[in-house]
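> Line by line, the protein sequences give chains A and B.
So the first sequence is numbered by this note's numbering: it starts at 2 and just counts up by one.
So the second sequence is numbered by this note's numbering: it starts at 2 and just counts up by one.
2 protein chains.
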Amino acid sequence: MEKLTINDIATLAGVSIATVSNYINGNYNKMSQKTRDHLNKIINETNYRPNSTARNLAKNENKTIGVSIADITNPFTSVILSGISEVCDKYGYKVLFTNADNNPDTEINNIIRLRSENVLGFIIDSVNPNSPIYKSFDNLTSVMVDRQAFNPHIDTIVTDNASAVQAMTEKMMAKGYDELYFISWPLDSVSTRLQRYQGFLAATGYENDDHLVTVPHRGDKPLYDEFNQRIKAIMEARGDKKIGFFTMNARVFLRLLKAMQICNYTYPTDYGVATYEEFDWMLTMRPEISRIKQDSREIGKQAAQMLHNKLEHPEQKQPETVIIPTSLIIKDSF
Amino acid sequence: MEKLTINDIATLAGVSIATVSNYINGNYNKMSQKTRDHLNKIINETNYRPNSTARNLAKNENKTIGVSIADITNPFTSVILSGISEVCDKYGYKVLFTNADNNPDTEINNIIRLRSENVLGFIIDSVNPNSPIYKSFDNLTSVMVDRQAFNPHIDTIVTDNASAVQAMTEKMMAKGYDELYFISWPLDSVSTRLQRYQGFLAATGYENDDHLVTVPHRGDKPLYDEFNQRIKAIMEARGDKKIGFFTMNARVFLRLLKAMQICNYTYPTDYGVATYEEFDWMLTMRPEISRIKQDSREIGKQAAQMLHNKLEHPEQKQPETVIIPTSLIIKDSF
DNA sequence: CTGTTAGCGCCTTCAT
DNA sequence: ATGAAGGCGCTAACAG
Chain A
2 MEKLTINDIA
12 TLAGVSIATV
22 SNYINGNYNK
32 MSQKTRDHLN
42 KIINETNYRP
52 NSTARNLAKN
62 ENKTIGVSIA
72 DITNPFTSVI
82 LSGISEVCDK
92 YGYKVLFTNA
102 DNNPDTEINN
112 IIRLRSENVL
122 GFIIDSVNPN
132 SPIYKSFDNL
142 TSVMVDRQAF
152 NPHIDTIVTD
162 NASAVQAMTE
172 KMMAKGYDEL
182 YFISWPLDSV
192 STRLQRYQGF
202 LAATGYENDD
212 HLVTVPHRGD
222 KPLYDEFNQR
232 IKAIMEARGD
242 KKIGFFTMNA
252 RVFLRLLKAM
262 QICNYTYPTD
272 YGVATYEEFD
282 WMLTMRPEIS
292 RIKQDSREIG
302 KQAAQMLHNK
312 LEHPEQKQPE
322 TVIIPTSLII
332 KDSF
Chain B
2 MEKLTINDIA
12 TLAGVSIATV
22 SNYINGNYNK
32 MSQKTRDHLN
42 KIINETNYRP
52 NSTARNLAKN
62 ENKTIGVSIA
72 DITNPFTSVI
82 LSGISEVCDK
92 YGYKVLFTNA
102 DNNPDTEINN
112 IIRLRSENVL
122 GFIIDSVNPN
132 SPIYKSFDNL
142 TSVMVDRQAF
152 NPHIDTIVTD
162 NASAVQAMTE
172 KMMAKGYDEL
182 YFISWPLDSV
192 STRLQRYQGF
202 LAATGYENDD
212 HLVTVPHRGD
222 KPLYDEFNQR
232 IKAIMEARGD
242 KKIGFFTMNA
252 RVFLRLLKAM
262 QICNYTYPTD
272 YGVATYEEFD
282 WMLTMRPEIS
292 RIKQDSREIG
302 KQAAQMLHNK
312 LEHPEQKQPE
322 TVIIPTSLII
332 KDSF
């Protein structure tokens, strides 16, 4: 079964390729009912599919957007992608997918490949939004998501980091905690981490980093033993101070919980806790966890919608930052 | 900044388009070092990118594979996608991504769109592998993943369902349980659910479905209240029989846990439990959960590898089922 | 080493 | 209502 071309169909049907082309494109008014039916029959029988590469070339358009994802195994990210995908479907964009596996170099390669595919636009969930490669990007054809560059020149959809954390931290403070700690991956220069930490600082008023605990790393490898020691030390030193922790995302939250279990501390008795991110599995924890819920699907949807708008109505503008609101869910974990 | 074509570059450089084409394709032996340098300079300055649509048309090849995902927000699935993506990168395939959001109709549309894109091959994580649309698929260009058709005519990569569950159930039986229940979404005709249930039946020897508990649904909506009642009834009727549960995936496991919490039962005292699937958040549960761990990344990788092999060496063969092994992790939850 | 030319499969005026 | 022909941007012989 060879690949059929428009020519084959034309000769099979005994018409010219122009007529077949018109049929394909729904210009039925340009042919008799008879040829229309005839073509319909032939095309069904032969199961002919026009070559979309040739179509794209001829029309000089390629309704494809490139999506560069930092780490698709992150549940938060996969929900973003579902939002992107939904909106792209709606507008008829194809989605060219790449995944960087959290590796900045892979990400750069992905971007380069996407570019050479002549995609119409980009949605980028970046490992490192400050990478020089984005300097060459055009705010007319790209949208970034989640992590933000220090000096963004591309529209970015982010979740509400700082003020949500600030609000949650204030709730904790209102419960009379003597000390609050912010637990995080190494801040490095990741905007989401920094912003969340800023919110924490704004609420607590701490003026140095004594209450910042990051999971130690050797290279890429987290050193959980050291982390556990650190937590243990903090707990043992607490005396009769009331002590609480805010974890910067769900994974860190799990690590904290684990560290606490090892030395037999339980919340909310021995310590209070709240976290950024919400997942299903939190629903079965007792007492329930206070948490900040973000609408990741909405992030994806807005990113795709915004890109669509820009592609339809190109207009050089100052880069914009859209903040998707979060919701505070307060339970009895502190 | 207009789109540059190979022609523009040729005139700019004062050479023919053939030379430019050769340069683009790395055939440097077909030109002098001088023109090579010259072209290099021009292309860098102009930031020229060859139009990949035109290239694909000219070479009549399109190194793209279409990926149809049932539900990308499922953590299990997103790991599969990461495996697919990794191997596709390695071989230089682009990934055209679609997501069905668990909707069979959306899935069919996605497949149709993918097809008209003239992708080289398909990897399909199907909502409904028995859909008639797959009848028209060719085992030369497609691989399915996870769920399996009753009468597969396409190679399928699945996880070890039946025998893993059987092994786990046998471990439970060895602990002297008087009754074991299999907790699941409605079996419908989903192969993974059926196979896991078969494993359960094989181990227990139950000859009817009295020990199958599915989460009741009204349409698409799960009726958790009814489910909770059902669990409660089972627990209250257990007398002093030792009773255990195997949950068919992590989400159902969470629902069972929740139902148990509502009536204040805890494992392993009041009941025993084990589940299919492993996720990070299980690590903090006390006692730890006995579980069946599947290597979903490997599923994705093998699917992509297999597709690649088929595309390179087309050969009509009987459809094959590849079973990726799982590992039993036995803890103190039963 | 470099240029000419005929396609790749389809679209789109412009005639008929 | 239908057909002929040029063109989309690039590749791949084949000449020179």
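Ideal Cβ placement from N, Cα and C applies to all residues, glycine included.
Every value quoted in this text rests on a predicted model; they were computed, and no experiment measured them.
1. Could you spell out where the beta strand (DSSP E) holding B/Ala275 opens and where it closes?
2. For B/Phe228, count the other beta carbons within 10 Å of its own beta carbon; 16 or more makes it buried, fewer makes it exposed. Which is it?
3. Count the other CB atoms within 10 Å of the CB of B/Asp271; is the residue buried (16 or more) or exposed (fewer)?
4. Going along the chain, which unbroken runs of the beta strand (DSSP E) with 3 or more residues stay wholly within the segment 39–119 of chain A?
5. According to DSSP, which residues form a beta bridge with B/Met145?
6. Of all the CB atoms in chain A, is at least one closer than 7 Å to the CB of B/Met2?
7. Please work out which residues of its chain come closer than 8 Å, Cβ to Cβ, to A/Tyr266, disregarding the five sequence neighbours upstream and downstream, and give them in chain order.
8. Would DSSP call A/Val21 helix, strand or coil?
9. What are the boundary residues of the beta strand (DSSP E) that B/Lys294 is part of?
10. Say whether chain A places a C-beta atom closer than 7 Å to the C-beta of B/Leu255.
11. What residue does the alpha helix (DSSP H) around B/Thr193 start on, and which one ends it?
12. Whose C-alpha, out of B/Gly177, B/Arg197, B/Thr170, is nearest the C-alpha of B/Asp147?
13. Does any CB atom of chain A fall closer than 7 Å to the CB of B/Thr205?
14. Give a yes or no on whether the minimum CB-CB distance between B/Glu118 and chain A is below 7 Å.
15. Distance check for B/Ala59 and B/Asp35, CA to CA, integer angstroms please.
16. Roughly how many whole angstroms lie between the Cα atoms of A/Val120 and A/Pro315?
17. Return the residues of the segment 262–287 of chain B that lie within a Cβ-Cβ distance of less than 9 Å from chain A, sorted by chain order.
18. Taking only three categories from DSSP, how would you classify B/Thr322?
19. Helix, strand or coil for A/Ser164? Go by DSSP, reduced to three states.
20. Count the other CB atoms, across all protein chains shown, that sit within 10 Å of the CB of A/Asp126; report buried if there are 16 or more and exposed otherwise.
21. Considering only the alpha carbon of each residue, which of B/Phe246, B/Glu208, B/Ser143 lies closest to B/Asp179?
22. At the level of alpha carbons, what is the spacing between B/Gly102 and B/Ile73?
23. Does the CB of A/Ala55 have a neighbour CB from chain B at under 7 Å?
24. Thinking just about the alpha-carbon of each residue, which of A/Gln319, A/Ala305, A/Pro326 is nearest to the one in A/Val68?
25. Who are B/Gly245's beta bridge partners in DSSP?
26. Would you please verify whether the beta carbon of B/Asn63 is less than 7 Å from any beta carbon of chain A?
27. Are A/Phe335 and B/Val96 touching if we call contact CB-CB under 7 Å?
28. Output the boundary residues of the alpha helix (DSSP H) element that contains A/Lys213.
29. Since A/Pro76 meets chain B, which of its residues come closer than 8 Å, beta carbon to beta carbon?
30. Who are the near neighbours of A/Ile134 in its chain, counting only those whose CB is closer than 6 Å to its CB and skipping five residues on each side?
31. Would you mind telling me which residues of chain B sit closer than 8 Å to A/Arg50, beta carbon to beta carbon, in chain order?
32. Any beta carbon from chain B within less than 7 Å of A/Val96's own beta carbon?
33. How about A/Lys332 and A/Glu289: do their beta carbons lie closer than 7 Å?
34. Quick one: what's got a C-beta closer than 6 Å to B/Val21's C-beta in the same chain, skipping five residues either side?
Considering the structure as presented:
1. To locate residue 275 of chain B, count along the second sequence from 1; it is residue 274. Where B/Ala275 is concerned, the enclosing beta strand (DSSP E) stretches over 273–277.
2. Counting from one through the second sequence, the residue named residue 228 of chain B turns up at place 227. Classification for B/Phe228: buried.
3. The residue labelled residue 271 of chain B in the question sits at position 270 within the second sequence. With fewer than 16 Cβ atoms within 10 Å of its Cβ, B/Asp271 is classed as exposed.
4. Complete beta strand (DSSP E) runs here, min 3: 65–70, 95–100.
5. By one-based count along the second sequence, residue 145 of chain B stands at place 144. B/Met145 pairs with B/Ile125, B/Thr157.
6. Here residue 2 of chain B refers to the residue found at position 1 of the second sequence. Here the model assigns B/Met2 a pLDDT of 48, short of 50, so the residue's position is not dependable and the matter cannot be decided.
7. Position 265 of the first sequence, counting from 1, holds the residue named residue 266 of chain A. Once the five neighbours on either side are set aside, the close Cβ partners of A/Tyr266 are Met236, Tyr272.
8. Here residue 21 of chain A refers to the residue found at position 20 of the first sequence. If DSSP states are grouped into helix, strand and coil, A/Val21 belongs with the helices.
9. As a first step, residue 294 of chain B must be located in the second sequence, where it is residue number 293. Start and end: 291–295.
10. Within the second sequence, the letter at position 254 stands for residue 255 of chain B. Yes, its Cβ sits closer than 7 Å to a Cβ of chain A.
11. Along the second sequence, read from residue 1 onward, the residue named residue 193 of chain B stands at position 192. B/Thr193 -> alpha helix (DSSP H) spans 192–205.
12. Within the second sequence, the letter at position 146 stands for residue 147 of chain B. Of B/Gly177, B/Arg197, B/Thr170, the residue nearest in Cα terms is B/Arg197.
13. Indexing the second sequence from 1 puts residue 205 of chain B at position 204. No, because no Cβ of chain A sits closer than 7 Å to the Cβ of B/Thr205.
14. Here residue 118 of chain B refers to the residue found at position 117 when the second sequence is read from its first residue. At a cut-off of 7 Å, the C-beta of B/Glu118 has a neighbouring C-beta in chain A.
15. Counted from its first residue, the second sequence places residue 35 of chain B at position 34. Counted from its first residue, the second sequence places residue 59 of chain B at position 58. The displayed chain sequence assigns Lys, not Asp, to residue 35 of chain B. Between B/Lys35 and B/Ala59, the C-alpha separation is close to 28 Å.
16. The residue labelled residue 120 of chain A in the question sits at position 119 within the first sequence. The residue labelled residue 315 of chain A in the question sits at position 314 within the first sequence. Going from the Cα of A/Val120 to the Cα of A/Pro315 covers about 16 Å.
17. Those would be Gln262, Phe280, Asp281, Trp282, Met283, Leu284, Thr285, Met286, Arg287, in chain order.
18. Against the second sequence, residue 322 of chain B aligns to sequence position 321. In the structure shown, B/Thr322 sits in a strand (DSSP, three-state: E or B).
19. Taking the first residue of the first sequence as position 1, residue 164 of chain A is located at position 163. The answer is helix: DSSP assigns A/Ser164 an H, G or I state.
20. Position 125 of the first sequence, counted from the first residue, corresponds to residue 126 of chain A. It is buried - the Cβ of A/Asp126 has at least 16 other Cβ atoms within 10 Å.
21. In the second sequence, the residue the question calls residue 179 of chain B occupies position 178. Checking every option, the nearest Cα to that of B/Asp179 belongs to B/Phe246.
22. As a position in the second sequence, residue 102 of chain B is number 101, starting the count at 1. As a position in the second sequence, residue 73 of chain B is number 72, starting the count at 1. For the record, residue 102 of chain B in the displayed sequence is Asp; it is not Gly. B/Asp102 and B/Ile73 have their C-alpha atoms spaced approximately 7 Å apart.
23. One-based indexing of the first sequence puts residue 55 of chain A at position 54. With its beta carbon less than 7 Å from one in chain B, A/Ala55 belongs to the interface.
24. Numbered from 1 along the first sequence, position 67 holds the residue referred to as residue 68 of chain A. For the set A/Gln319, A/Ala305, A/Pro326, the Cα lying nearest the Cα of A/Val68 is the one of A/Ala305.
25. Numbered from its first residue, the second sequence carries residue 245 of chain B at position 244. DSSP output for B/Gly245 lists B/Leu181, B/Gly273 as bridge partner(s).
26. For the purposes of this step, residue 63 of chain B is taken as residue 62 along the second sequence, with counting starting at 1. A Cβ of chain A is located within less than 7 Å of the beta carbon of B/Asn63.
27. Residue mapping note: residue 335 of chain A aligns to position 334 of the first sequence, counting from 1. Residue mapping note: residue 96 of chain B aligns to position 95 of the second sequence, counting from 1. The answer is no: Cβ separation not under 7 Å.
28. By 1-based counting over the first sequence, the position of residue 213 of chain A is 212. A quick correction: the sequence has Leu, not Lys, at residue 213 of chain A. Where A/Leu213 is concerned, there is no enclosing alpha helix (DSSP H), although the beta strand (DSSP E) it sits in stretches over 213–215.
29. Reading the first sequence from its first residue, position 75 is the one you call residue 76 of chain A. Chain B residues near A/Pro76: Thr74, Pro76, Ser79.
30. For this step, residue 134 of chain A is matched to residue 133 along the first sequence. Apart from sequence neighbours up to five positions away, the residues of its chain that approach A/Ile134 with a beta-carbon distance below 6 Å are Ile109, Ile112, ordered along the chain.
31. Locating residue 50 of chain A in the first sequence gives position 49, counting from the first residue. The contacting residues are Arg116, Ser117, Asn119.
32. Within the first sequence, numbered from 1, the residue matching residue 96 of chain A stands at position 95. A/Val96 counts as touching chain B.
33. The residue given as residue 332 of chain A occupies position 331 in the first sequence. The residue given as residue 289 of chain A occupies position 288 in the first sequence. Between A/Lys332 and A/Glu289, the gap from beta carbon to beta carbon is short of 7 Å.
34. Numbered from 1 along the second sequence, position 20 holds the residue referred to as residue 21 of chain B. Annotation for B/Val21: Ile7, Ile10, Ala11 place their beta carbon closer than 6 Å to its own, counting only its chain and skipping 5 residues before and after.
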